[in-house]
Every structure is written in C-alpha cells, then in structure tokens.
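S.K.: Quick note: the sequence shown uses the numbering used here, first residue 312, plus one each step.
Quick one: structure below, then a few questions.
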Amino acid sequence: MSNNSRIESGKRIVVKIGSTLLVDQEHGTVHRKWLDTLGADIAACIKRGQEVIVVSSGAIAIGRRHLGLPLGELKLDDNQAAAATGMVRLAHAYEEVLGGFDLTVAQVLLTLEDTENRRRYINARNTLEALLRLGAVPLINENDTVATDEIRFGDNDRLAARVAAMISADVLVLLSDIDGLYTADPRTDSDATIIPEVKEITPQIEAMAGAAPQGDSKGGMVTKLAAAKVCLANGCRMAITDGRDMHPLKRLEDGAATWFLPSATPKTARKRWISGALRPAGSVVLDDGAVQALGAGKSLLPAGIVTVEGDFQRGDAVIVKTGDGRELGRGLVAYSAEDAKRIIGYKTSEIESLLGYRGRDEMIHRDDLVLD
Numbered sequence: 312m313s314n315n316s317r318i319e320s321g322k323r324i325v326v327k328i329g330s331t332l333l334v335d336q337e338h339g340t341v342h343r344k345w346l347d348t349l350g351a352d353i354a355a356c357i358k359r360g361q362e363v364i365v366v367s368s369g370a371i372a373i374g375r376r377h378l379g380l381p382l383g384e385l386k387l388d389d390n391q392a393a394a395a396t397g398m399v400r401l402a403h404a405y406e407e408v409l410g411g412f413d414l415t416v417a418q419v420l421l422t423l424e425d426t427e428n429r430r431r432y433i434n435a436r437n438t439l440e441a442l443l444r445l446g447a448v449p450l451i452n453e454n455d456t457v458a459t460d461e462i463r464f465g466d467n468d469r470l471a472a473r474v475a476a477m478i479s480a481d482v483l484v485l486l487s488d489i490d491g492l493y494t495a496d497p498r499t500d501s502d503a504t505i506i507p508e509v510k511e512i513t514p515q516i517e518a519m520a521g522a523a524p525q526g527d528s529k530g531g532m533v534t535k536l537a538a539a540k541v542c543l544a545n546g547c548r549m550a551i552t553d554g555r556d557m558h559p560l561k562r563l564e565d566g567a568a569t570w571f572l573p574s575a576t577p578k579t580a581r582k583r584w585i586s587g588a589l590r591p592a593g594s595v596v597l598d599d600g601a602v603q604a605l606g607a608g609k610s611l612l613p614a615g616i617v618t619v620e621g622d623f624q625r626g627d628a629v630i631v632k633t634g635d636g637r638e639l640g641r642g643l644v645a646y647s648a649e650d651a652k653r654i655i656g657y658k659t660s661e662i663e664s665l666l667g668y669r670g671r672d673e674m675i676h677r678d679d680l681v682l683d
C-alpha cells in the first residue's frame, strides 16, 4: 500500500457517515456502540495532529420515526420536519461521544447554494477554518429543514466532497456498507473484484457503479463516483471503505478500500483554480515594500496597497499589480472594494476603528494568492 493510500498521511480529513451505518433502521435510534468506536478513532487522528471534519447523514432517518412517518419517499415538508426532529438527537449523540474524549463538537448546516454563492462560500469556509483552528470538530449536515428540491445536494457523498474542496482537505473517507469499488456489483456477480486505486474516472469506471440499496440511503456507487470527480479535481484523495465494523477508521488503516488518487495536491489545485478559472473583478496596486514582501512568500496587507481599482466584493478574484502597471498575479480579496479603499495604507491594528468591525488582517492571504 502506497503512502498516498493511507489515512495516516492526511493532514485534514473529512469523514462522511451514511444513515445505514449510524441509525438502527427499525427503531430510528443511533448505533451508540459503533459511534463510540468512531469517536475513539477520531480522537486518535486528532491526537496525532490531524484535523477532522464529520459529514453525517441520519437526521431524517432518526426524526421520521419519532414523528411516526413511514419508510420510503417522503413529501418535502415531511422530510424537513423529520430533519428538524432528528438533528437535535443526532447532534446530541455526537456531542456525548466526542465530549468523552474532551473534544468540542460544532454543528454546521449547509445547502448547495452555500457552496455556489461566492460570498456564502467564503463565509462557510472561514467558519470551518476558525473551528478547526480552535480545536473543534465540525459536524456538517445538509440543511434539510430549509432546503428545497432545487437547492438540495440530494446525498451526503457529494456534500462531503464539496466540503472537502471548500476547506482544501487532503483526504475524504466515505464510510459505506461496501469496502470499495468493484469491477461489477458484488451483490449479483460472484466474480467481481475490488479495485484498490483509481486515478481517473473513465467511462469504464463509471460503468462499474450500481444502484443504491433500498432504505434510508440516498447514495450508492453512482454518487460516490460523482464525489470522487470533485475530489480529484480539487487535489483531494478519497477512500471508499466498509464502515460497518467497530473502529471503522482504524480498520481503514489496515483493511480493504478503494482509493481515488489525484495528480495534484489541494494547494496546487486551489492555486490553479484562482489563476485560471476565476474572472478578475478588479485590481490592487502595491508599493515597493509590498512587492518585496510577496516575493518573500508573505501575505498582502492593507498597508502595502496604494490604489484599489474596480468594484469587487469580498471573496472575488483581483489582479495584483506594481505601481508601474506590471501584473504580479491574482488573488482572492478579503474585503469589498468599498471597504478596501477605506483601509489601504493603514496598519492591521487600525482596521477595526476604520470599518467598525474586525476583519482579516490580510487583504489577500498568501494561500489565496498566485504569483506569475
């Protein structure tokens, strides 16, 4: 097994947990013994210096039974009611389990629009970054209580992949009821064999995916391959593994899985996206000191900016230029053009008094900057 096919080599890990693993399908209760062992695995990852984000299904599966709703497809408003009921119990279960390891859980609810609207994307990313910096374990679920059919992810495999891309995670683990991608559906073909590594989603790979099983699960191999495409494009490694046994992450260190391996790292993929995929909405002109600081690998501070051009919003891409008009690169700006004009030339300690709120110290963080 290569080092790239190991969870231990990840620095920031997203773990997605399906309903069938977490919830007793008959009684709508959490599999507490299983969750206890997952909590121990998460604590072990954090102890060795890794950051962990959990994307959990199960709210609707738990809530529907407490409301007396039947199995099968529900109307949208019944789905939302079940989610509202189940999320309380689901979050409480995670809080109890991870609290036993002195870990703080922070619940974050997302919709598809949160990952597609630029400003909401930036806000969600910054919130998750802050939680990880403060040592919390973000617990993420699709916001079924307010989502409609038009803005739903529809399955948490793709939600987990979007989250992994949003926060530049380098590993996504999909805990499933199957231990990887097979050459054919192992439920119907006894000759099917597991594929240990995939580096590209080809039509042949897609043809190996089967339909989702009946029950509360919305996923299946089709949605897992869709998640893999997102991960590969964003430099994130992804593993599909059987999570039904106790200590599922510990089992992944030694057990069977399919690993999807990208050609780039999350940082490289993000830089490529900033430099080529985003249309600049304006520009900032730097003084000589700021030009030298960027060349030394530092972030761009307001004090080093001479002029702001264009009408951009927080999170937009802007061109970074020298005083004589030479383009240095591009970056994602932390302030709108209106606010930027009020703080350029000033020290970071003066930002709050100038704007009335405390924003980021950097106008463009070095991780959001690509130099030519």
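Even for Gly, the Cβ is constructed at its ideal location relative to N, Cα and C.
Keep in mind the model is a prediction, meaning the values are calculated, not measured.
1) Can you name the residues that DSSP bridges to Ala447?
2) Can you list, in chain order, the residues of its chain with a C-beta nearer than 7 Å to that of Leu486? Leave out the 5 residues immediately preceding and following it.
3) Any idea if Lys344 is buried or exposed, counting beta-carbon neighbours within 10 angstroms, 16 or more meaning buried?
4) Pick from Tyr405, Met398 and Ile318: whose alpha carbon is nearest that of Ile349?
5) Taking Ser487 as part of the beta strand (DSSP E), name the residues at either end of that continuous run.
6) Taking the continuous alpha helix (DSSP H) assigned at Thr348, which residues delimit it?
7) Between the beta-carbon of Thr534 and the beta-carbon of Asp490, is there less than 8 Å?
8) Is Asn454 helix, strand or coil when you go by DSSP?
9) Measuring only the C-alpha atoms, how far is Ile353 from Gly636?
10) Can you give the Cα-Cα distance for Ile654 and Gln624, rounded to whole angstroms?
11) Quick one: Cα of Met549 to Cα of Gly621, how far?
12) Tell me, please, which residues DSSP counts as bridged to Gly593.
13) Rounding to the nearest angstrom, what Cα-Cα distance links Thr494 and Glu440 in this structure?
14) What is the rounded straight-line gap between the Cα of Gly526 and the Cα of Gln336?
15) Compare the C-alpha of Pro507 against each of Pro577, Trp570 and Leu597 and name the closest.
16) Could you tell me if Val509 is buried or exposed, where buried requires 16 or more neighbouring beta carbons within 10 angstroms of its beta carbon?
17) Judging by CA-CA distance, which residue of Gly667, Glu362, Tyr668 and Ser660 is the nearest neighbour of Ile478?
18) Report the rounded CA-to-CA distance for Arg375 versus Leu346, giving the unit in angstroms.
19) Okay, do the segment 608–621 and the segment 407–425 touch, 3+ Cβ pairs below 8 Å being the bar?
20) Given this structure, state the Cα-to-Cα distance separating Ala523 from Leu401, to the nearest angstrom.
21) Do three or more CB pairs link the segment 633–651 to the segment 671–678 at distances below 8 Å?
22) Where does Glu638 land, buried or exposed, given buried means 16+ other C-beta within 10 angstroms?
23) With distances taken from CA atoms, which of Cys542, Val484 and Ala503 is nearest Glu511?
24) Got a sec? Which residues, its chain only, sit under 7 Å from Ile462 by beta carbon, not counting five neighbours each side?
25) Looking at the secondary structure, which residues open and close the beta strand (DSSP E) in which Ile630 lies?
26) Nearest-angstrom Cα distance between Ser528 and Glu407?
27) Taking only the alpha-carbon atoms, compute the straight-line gap between Cys356 and Ile318 and give it to the nearest angstrom.
28) Give a yes or no on whether the C-beta atoms belonging to Pro573 and Val629 are separated by under 8 Å.
29) So Gly640 is in the alpha helix (DSSP H); what residue range does that whole segment cover?
30) Determine the extent of the alpha helix (DSSP H) in which Ile371 is found, giving its start and end residues.
M.R.: Taking the coordinates as given:
1) For Ala447, which the question treats as bridged, DSSP gives no partner whatsoever.
2) Val326, Lys327, Ile328, Gly329, Leu332, Thr552, Gly554 and Pro559
3) Lys344 should be labelled exposed.
4) Per the sequence shown, the amino acid found at residue 349 is Leu instead of Ile. Closest by alpha carbon: Tyr405.
5) Val482 to Ser487
6) Looking at the DSSP string, the run of the alpha helix (DSSP H) that includes Thr348 is Arg343 to Lys358.
7) no
8) coil
9) The straight-line gap from Cα to Cα measures roughly 50 Å.
10) 15 Å
11) 39 Å
12) Gly621
13) Here the C-alpha atom of Thr494 lies approximately 38 Å from the C-alpha atom of Glu440.
14) With a pLDDT of 46 at Gly526, under the threshold of 50, the modelled position of this residue cannot be trusted; read the value that follows with caution. Their backbone Cα atoms lie some 8 Å apart in a straight line.
15) Trp570
16) buried
17) Glu362
18) 20 Å
19) no
20) Per-residue confidence for Ala523 stands at a pLDDT of 47, beneath the threshold of 50, marking its modelled position as unreliable; the derived number appears in the next sentence. One C-alpha to the other measures close to 23 Å.
21) yes
22) So Glu638 counts as exposed.
23) In terms of CA proximity to Glu511, Cys542 leads the group Cys542, Val484 and Ala503.
24) The pLDDT assigned to Ile462 is 44, lower than 50, so where the model puts this residue is not dependable, and the model offers no usable value.
25) Ala628 to Lys632
26) Caution applies to Ser528, whose pLDDT of 44 falls short of 50 and renders its modelled position unreliable; the value that the coordinates give is listed next. Cα to Cα, the separation comes out at about 25 Å.
27) Separation of Cys356 and Ile318 (C-alpha to C-alpha, rounded to the nearest whole angstrom) is 9 Å.
28) no
29) Unbroken run through Gly640 is the beta strand (DSSP E), Glu638 to Leu643; no alpha helix (DSSP H).
30) Ala370 to His377
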